[in-house]
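Undergrad: Below is a structure I'd like to ask you about.
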């Protein structure tokens, strides 16, 4: 009985740790290497186009 309860506890902890790993992975992906903590209150908002109208590419036609 005790072994079965321990197995259930271990299974639950495994699920929790996998969830934490997924969250940390997303945080790591959001940090684009600029040295800022994405969870910091003072972190700047970085848009995909760096705030430029029309994106980063411009075409002269």
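In this note's numbering, the protein residues as written are 12 to 72. Beta carbons: idealized from backbone N, C-alpha and C, even for Gly. Quick caveat, the model's predicted, so the values are computed rather than measured.
Rounded to whole angstroms, what is the Cα-Cα separation between residue 35 and residue 25?
TA: Position 24 of the chain shown holds residue 35. Position 14 of the chain shown holds residue 25. Each residue's alpha carbon lies about 15 Å from the other.
Undergrad: Under a three-way DSSP split, which group does residue 14 fall into?
TA: As a first step, residue 14 is located in the chain shown; it is residue number 3 there, counting from the start. Note: residue 14 maps to helix in three-state DSSP.
Undergrad: Have a look at residue 33 and residue 41 and give me their C-alpha separation to the nearest angstrom.
TA: Along the chain shown, one-based indexing puts residue 33 at 22. Along the chain shown, one-based indexing puts residue 41 at 30. If you take the alpha carbons of residue 33 and residue 41, they lie about 12 Å apart.
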